[in-house]
Each structure stands twice: as C-alpha cells, then as structure tokens.
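Enquirer: Have a look at the structure that comes next, please.
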Amino acid sequence: MGVEQELSLHDLKEAARRYLPKMVFDYIEGGAEDETCLRRNRAAWDGLQLLPRTLRDVSQVDVSVELFGRTYAAPFGISPMGMTGICRRDADLLMAKAAHEAGLPFLLAGASNGSIERVAEVAPSAWYQLYVPKDSAIRKDMIRRAAEAGLETLVVTIDVPIYSKRERDIKNGWVRPYKPTLAAKLEALRHPAWLLAYLRNGIPYLENWQQYAPDGANPIEVASFYATQSFAIQTWDVLAEIREQWRGNLLLKGVLHPEDAAHSVEAGADGIIVSNHGGRQFDRAPSPVTMFPQVHAAVAGRIPVMVDSGIMRGSDIVAARCMGASFAFLGRPALYAVAAYGSAGVERLIAILQQEMKLALATMGCPNVRDCGPEYLAPSAGEQSGRKFAPPRA
Ligand SMILES: Cc1cc2nc3c(=O)[nH]c(=O)nc-3n(C[C@H](O)[C@H](O)[C@H](O)COP(=O)(O)O)c2cc1C
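Under the numbering used here, the first residue of the sequence shown is numbered 6, with each subsequent residue one higher.
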C-alpha cells in the first residue's frame with residue numbers, strides 16, 4: 006500500500022505497526038501504568054461536538070494563523086519526541102524538514118537524536134524543547150546553542166519531575182540497560198525492513214548530549230550519561246534563570262492547573278502548552294481538554310495557550326481553536342508517519358490534517374480558522390441540564 010492510499014492518521018498508525026517491531030511500536034504508543042489517561046485523552050476530544058452554522062459562503066477556507074509574529078500554514082505542529090531515530094534513521098530531520106517546508110513548527114526534543122545544529126540547518130523555523138539537566142552548565146550551554154543556531158522558541162517541559170512507569174517498555178526490556186527480551190527480539194524478525202535498517206545504522210546517538218558525555222562514548226554510553234542528568238529538580242527559580250538567559254519566545258509545556266497557568270504568565274512565559282505528555286507520565290492526570298477552559302480563563306488572553314495529547318483529526322484541531330487554543334500539537338501520529346514512510350509520511354499527515362480541517366470549517370460555516378470560537382462548540386450534556394461546574398479547588 007502506498008502512502009497516498011492512507012486516508013487517516015489511524016491508517017498511518019497501522020502502517021507503522023506493520024513496519025516497526027512491537028517493542029518500538031510499544032515505546033511510541035504506550036502510556037503510564039493502566040493507560041487510562043491515554044484513553045481519556047482521546048475520549049475527551051471525541052466528546053467535543055462542533056455546532057454548524059448554515060447558508061454561509063464557504064467556497065474559500067483559510068486555515069493559516071499568526072503566532073509570535075509569524076504566519077503558519079495551519080495552527081498545528083509536531084510535539085517534541087525523544088529517541089525517534091530508533092523508528093527510522095534521521096527521523097528528527099525528516100519531520101523537521103517536512104514541517105518547515107509546509108510552514109508548520111517542529112519541536113525538537115531534549116532527548117532527540119538529531120542535534121540542534123543539524124535540525125536548525127534543515128528547519129530554521131524549528132522550536133527547541135529543553136529537559137532541564139542537573140548540571141546548570143550544560144543547561145546554559147544548550148540554551149546558548151539553540152540561540153546561536155538561530156532558533157526563536159524554547160519550550161521547557163515541566164511535567165516530568167521523575168521517570169514514569171510505562172509497563173509495556175518494562176515488559177519488552179526497553180528500559181535501561183536496554184536488554185530486549187528474547188520474545189521481543191524474535192518478534193523483531195517479523196519486521197525485516199526495519200531490522201535491516203537497524204543493523205545497517207546501529208543505535209542512534211542522542212546527538213545533543215554527545216559533547217557533554219565522556220570522550221569516545223558510544224550511543225548507549227551517551228544515553229547513560231543523559232540518564233545521569235535526568236531529571237533536575239525543577240522549580241520556578243530555575244525557570245527564572247532560564248528566562249533571564251533566553252531572549253526568544255519561552256514556552257512551558259505540561260501545564261494542567263489553572264494556577265500554574267497564571268503563574269507561568271507572571272514568570273515571564275510567552276506561551277503555555279496544556280498537555281499531559283500524551284498520557285505517558287501520570288495515569289491519573291486529567292485530559293488537557295477537560296482542564297482547558299479553566300486554564301484559558303486563568304491566562305485571560307495574556308499569552309497564547311496551546312494544547313496537545315490525543316489529537317488524531319483535523320476536526321480536533323478546529324475544536325481546539327474553538328476552545329481558545331492558539332495552536333495544537335501532535336506527537337505519536339507524526340512519529341508513526343515518519344516511521345512508516347519517511348518524509349513522504351509526514352507530508353501525507355500534514356495534507357490529511359489540513360484537508361480535514363477545511364472540511365470541518367466549511368461544514369461548520371466558518372471559512373476562516375481565525376474566526377473559530379466557543380459559539381461553535383455544542384453545549385455539553387451538563388450545560389444542557391443547566392448544571393454549573395464548580396471551579397477547581399486551590
Ligand atoms: C515516543 C515519544 C517520546 C516523547 N518524548 C518527549 C520528550 O522528549 N519531550 C517532551 O516534552 N515530550 C515528549 N513526548 C510527549 C510529546 O511531546 C507530546 O506531549 C505527546 O506525545 C502528545 O500526545 P499525542 O502523542 O497523543 O499526540 C514524547 C511522546 C512520545 C510518543
């Protein structure tokens with residue numbers, strides 16, 4: 006089956022399931038503990054209904070938006086994801102280039118395989134996500150490198166104070182010191198195209214970390230060094246130091262509580278991403294969709310509020326805009342796309358999402374995505390019955 010035959014992000018996910026060994030697919034797909042949060046994320050988007058208006062001219066539909074003084078082709082981008090090179094060689098670069106050429110942001114992960122410098126070369130519009138290292142000298146150097154590479158937006162992920170418990174990975178032996186089980190290795194034999202590429206290319210380096218690891222460290226040793234630096238104690242004080250150093254746009258990723266959202270503004274953030282890390286970190290976390298109205302209200306229009314976790318359709322992105330999100334991001338679907346088809350997969354993913362957004366907007370009678378607002382959200386069952394929801398407790 007060719008990439009053009011893939012109709013939806015679900016199809017791209019199935020293509021990745023065929024291409025990748027189960028242990029790698031599980032690494033991408035898995036969530037924390039019982040994966041309740043993972044399911045909750047998707048259910049929350051499914052629960053948002055869009056209320057169409059009729060008899061309007063929708064012959065032209067515009068999905069472009071402005072953010073931080075730039076025009077983007079559509080209000081979506083690719084969430085940061087670590088260790089993508091295990092899916093396909095140079096996956097970071099392939100995703101970054103495809104997103105850049107389509108006029109969309111790609112977020113390079115703190116635990117990326119591609120280096121800041123290599124990614125900035127193919128995608129100068131990329132954003133860089135920082136996992137704060139324990140050693141503040143490394144942190145400062147990484148921020149310096151991002152600025153010197155010309156990147157304009159730094160995203161600090163704040164929802165990983167500690168490693169989570171992802172049981173798929175533990176069962177597959179996909180945790181340090183990486184000893185895949187015999188069953189996992191035998192299963193990999195059923196994915197010869199991936200296996201051949203892996204044997205040819207070997208384990209990818211965490212390139213951003215290579216220069217801080219001991220001289221001559223191999224990829225596993227660099228990963229071990231990275232692990233010794235993860236995760237630093239992160240507080241608002243550390244954020245203040247980062248704000249002091251970084252002159253560009255500073256975003257916080259992983260905000261769920263309205264008070265943290267308000268505090269982010271006071272701490273000098275230029276934007277926040279409402280996220281539960283795609284259900285990978287805390288199985289009891291609420292979905293970003295559930296928290297979004299209160300977070301958005303707490304920010305009160307002072308900075309852009311963005312969202313990720315569970316997005317699979319262009320209409321999800323339209324619904325996000327109707328809630329008040331400036332931008333939406335997708336993680337897993339982009340990795341599935343690049344794993345299965347390389348850059349052609351990412352291009353296909355972008356085309357599918359743009360087409361689905363246009364379909365939704367035209368059917369809603371809202372020809373410009375900039376005009377999306379709460380008036381297009383159908384009342385929830387709770388509102389219909391006149392029930393008011395209490396604000397969260399402090
Ligand atoms: C394989 C994988 C690796 C990830 N690595 C990172 C990371 O290094 N930094 C980070 O901030 N988020 C990371 N995330 C979380 C994503 O940035 C994003 O929040 C999440 O995937 C969004 O949910 P979705 O996958 O349902 O779209 C990772 C997610 C996946 C699937």
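Every residue gets a Cβ at the ideal spot worked out from N, C-alpha and C, and that includes glycine.
Under three-state DSSP, which class holds Asn-46?
Expert: Working through the sequence shown from its first residue, we reach residue 46 at position 41. Looking at Asn-46 - three-state DSSP - the assignment turns out to be helix.
Enquirer: Can you find the residues in the same chain that come closer than 7 Å, C-beta to C-beta, to Ala-125, ignoring five residues on each side of it along the sequence?
Expert: What you label residue 125 is simply residue 120 of the sequence shown in a count that begins at 1. Ala-131, Ala-154, Gly-155, Leu-156.
Enquirer: Using the C-alpha atoms, what's the distance from Leu-109 back to Arg-123?
Expert: Locating residue 123 in the sequence shown gives position 118, where the first residue counts as 1. Locating residue 109 in the sequence shown gives position 104, where the first residue counts as 1. So the two alpha carbons sit approximately 18 Å from each other.
Enquirer: Report buried or exposed for Ala-266, applying the criterion of at least 16 other Cβ atoms within 10 angstroms of its Cβ.
Expert: Here residue 266 is taken as the residue at index 261 of the sequence shown, counted from 1. The residue in question, Ala-266, is buried, as its Cβ has 16 or more Cβ neighbours within 10 Å.
Enquirer: Can you check the segment 62-115 for any beta strand (DSSP E) of at least 3 residues that lies completely inside it and give the ranges in chain order?
Expert: Counting whole runs of 3 or more residues, the segment 62-115 contains the beta strand (DSSP E) stretches 70-72, 75-77, 81-83.
Enquirer: Only counting the same chain, and skipping five residues up and downstream in sequence, which positions put a Cβ closer than 6 Å to that of Glu-9?
Expert: The sequence position of residue 9 within the sequence shown is 4, counting from 1. Around Glu-9: no qualifying Cβ.
Enquirer: Of all the options Val-310, Lys-170, Glu-246, Trp-251, which has the alpha carbon lying nearest to the alpha carbon of Glu-38?
Expert: As a working mapping, residue 38 is identified with position 33 in the sequence shown. Glu-38 has its Cα closest to that of Lys-170, out of Val-310, Lys-170, Glu-246, Trp-251.
Enquirer: Just to check, is the beta-carbon of His-15 closer than 8 Å to a non-hydrogen atom of ligand 1?
Expert: Counted from its first residue, the sequence shown places residue 15 at position 10. His-15 Cβ: outside cutoff for every heavy atom of ligand 1.
Enquirer: Given that a residue counts as buried once 16 or more other Cβ atoms are within 10 Å of its Cβ, and exposed if not, what is Ala-399?
Expert: Position 394 of the sequence shown, counted from the start, is the residue given in the question as residue 399. Its pLDDT being 41, under 50, Ala-399 is placed unreliably by the model, and the measurement read from it follows with that caveat. That one is exposed.
Enquirer: Just the Cα atoms here: how many angstroms apart are Arg-150 and Asn-213?
Expert: The count along the sequence shown starts at 1 and reaches residue 150 at position 145. The count along the sequence shown starts at 1 and reaches residue 213 at position 208. Whole-angstrom Cα-Cα distance: 10 Å.
Enquirer: State the start and end residues of the unbroken beta strand (DSSP E) segment that holds Phe-332.
Expert: Here residue 332 is taken as the residue at index 327 of the sequence shown, counted from 1. First-last of the beta strand (DSSP E) with Phe-332: 332-335.
Enquirer: Would you check whether ligand 1 has a heavy atom nearer than 8 Å to the C-beta of Phe-334?
Expert: Residue mapping note: residue 334 aligns to position 329 of the sequence shown, counting from 1. Under cutoff, so the answer is yes.
Enquirer: Under 9 Å, do Gly-259 and Gln-286 count as touching if we go by C-beta distance?
Expert: For the purposes of this step, residue 259 is taken as the residue at position 254 of the sequence shown. For the purposes of this step, residue 286 is taken as the residue at position 281 of the sequence shown. In this structure, Gln-286 lies closer than 9 Å to Gly-259 by Cβ.
Enquirer: Are Met-407 and Leu-364 closer than 9 Å when you measure CB to CB?
Expert: The displayed coordinates of the chain run from 6 to 399. Any statement about residue 407 would go beyond what the structure contains.
Enquirer: Quick check: is any heavy atom of ligand 3 less than 8 Å from the C-beta of His-301?
Expert: Ligand 3 is absent from the structure shown, which contains only ligand 1.
Enquirer: Determine whether the beta carbon atoms of Ile-148 and Trp-251 lie at a separation below 9 Å.
Expert: On the sequence shown, residue 148 is found 143 positions in, with the first residue counted as 1. On the sequence shown, residue 251 is found 246 positions in, with the first residue counted as 1. For Ile-148 and Trp-251, yes; Cβs fall inside 9 Å.
Enquirer: My understanding is that Phe-73 touches Thr-158, with C-beta atoms under 8 Å, so please give their C-beta distance in whole angstroms.
Expert: As a first step, residue 73 is located in the sequence shown; it is residue number 68 there, counting from the start. As a first step, residue 158 is located in the sequence shown; it is residue number 153 there, counting from the start. At roughly 7 Å, the Cβ-Cβ gap stays under 8 Å, so Phe-73 and Thr-158 are in contact.
Enquirer: Can you grab the Cα-Cα spacing for the pair Ser-331 / Leu-358, in whole Å?
Expert: Taking the first residue of the sequence shown as position 1, residue 331 is located at position 326. Taking the first residue of the sequence shown as position 1, residue 358 is located at position 353. Between Ser-331 and Leu-358, the C-alpha separation is close to 16 Å.
Enquirer: Would you kindly work out how many angstroms separate the C-alpha atoms of Leu-261 and Asn-254, rounded to a whole number?
Expert: Here residue 261 is taken as the residue at index 256 of the sequence shown, counted from 1. Here residue 254 is taken as the residue at index 249 of the sequence shown, counted from 1. Their Cα atoms are separated by approximately 20 Å.
Enquirer: Just the C-alpha distance for Phe-394 and Ser-385, rounded to the nearest angstrom, thanks.
Expert: Counting from 1 along the sequence shown, the entry for residue 394 is found at position 389. Counting from 1 along the sequence shown, the entry for residue 385 is found at position 380. For Phe-394, the predicted model reports a pLDDT of 45, less than 50, meaning its position is unreliable; a value from the coordinates is still stated below. Going from the Cα of Phe-394 to the Cα of Ser-385 covers about 11 Å.
Enquirer: Compute the Euclidean distance between the alpha carbons of Ser-64 and Leu-244, then round it to the nearest angstrom.
Expert: Here residue 64 refers to the residue found at position 59 of the sequence shown. Here residue 244 refers to the residue found at position 239 of the sequence shown. Taking the straight line from one Cα to the other gives about 46 Å.
Enquirer: Given 8 Å as the limit, tell me if Thr-162 has its C-beta closer than that to any heavy atom belonging to ligand 1.
Expert: Here residue 162 refers to the residue found at position 157 when the sequence shown is read from its first residue. Yes.
Enquirer: So what does Leu-55 bridge to, in DSSP terms?
Expert: Taking the sequence shown and counting its residues from 1, the one referred to as residue 55 is at position 50. According to DSSP, Leu-55 bridges with Leu-382.
Enquirer: Use the C-beta contact count for Pro-397: other C-beta atoms within 10 angstroms, 16 or more gives buried, fewer gives exposed.
Expert: For this step, residue 397 is matched to residue 392 along the sequence shown. Here Pro-397 scores only 45 on pLDDT, less than 50, and its place in the model should not be relied on; the value that follows carries that caveat. So Pro-397 ends up on the exposed side.
Enquirer: Per DSSP, which one or two residues make a beta bridge with Leu-255?
Expert: Counting from one through the sequence shown, the residue named residue 255 turns up at place 250. DSSP lists Leu-159 as partners of Leu-255.
Enquirer: Is it buried or exposed, Ala-48, if we count other Cβ atoms within 10 angstroms and call 16 or more buried?
Expert: The residue labelled residue 48 in the question sits at position 43 within the sequence shown. Looking at its Cβ environment, which holds fewer than 16 other Cβ atoms inside 10 Å, Ala-48 is exposed.
Enquirer: Assign Asn-46 to one of two classes, buried (16 or more other C-beta atoms within 10 Å of its C-beta) or exposed (fewer than that).
Expert: Here residue 46 refers to the residue found at position 41 when the sequence shown is read from its first residue. The residue in question, Asn-46, is buried, as its Cβ has 16 or more Cβ neighbours within 10 Å.
Enquirer: Less than 8 Å separating the Cβ of Met-88 from some heavy atom of ligand 1?
Expert: If you number the sequence shown from 1, residue 88 lands on position 83. Within the cutoff, so yes.
Enquirer: Starting from the Cα of His-282, find the closest Cα among Leu-25, Ser-13, Leu-17, Glu-40 and give me that residue.
Expert: In the sequence shown, residue 282 corresponds to position 277, counting from 1. Per the Cα distances, Glu-40.
Enquirer: Report, in whole angstroms, the separation of the C-beta atoms of Leu-112 and Ser-69, which I expect to be a contact under 8 Å.
Expert: Indexing the sequence shown from 1 puts residue 112 at position 107. Indexing the sequence shown from 1 puts residue 69 at position 64. Not a contact, Cβ separation roughly 19 Å.
Enquirer: DSSP has Asn-206 in a bridge; who is on the other side?
Expert: Within the sequence shown, the letter at position 201 stands for residue 206. DSSP output for Asn-206 lists no bridge partner at all.
Enquirer: Mind checking whether Leu-17 and Ala-383 have CB atoms under 9 Å apart?
Expert: Along the sequence shown, one-based indexing puts residue 17 at 12. Along the sequence shown, one-based indexing puts residue 383 at 378. Cβ atoms of Leu-17 and Ala-383: not closer than 9 Å.
Enquirer: With 16 as the cutoff for other CB atoms within 10 Å, does Gly-350 come out buried or exposed?
Expert: The residue labelled residue 350 in the question sits at position 345 within the sequence shown. Under this definition Gly-350 is a buried residue.
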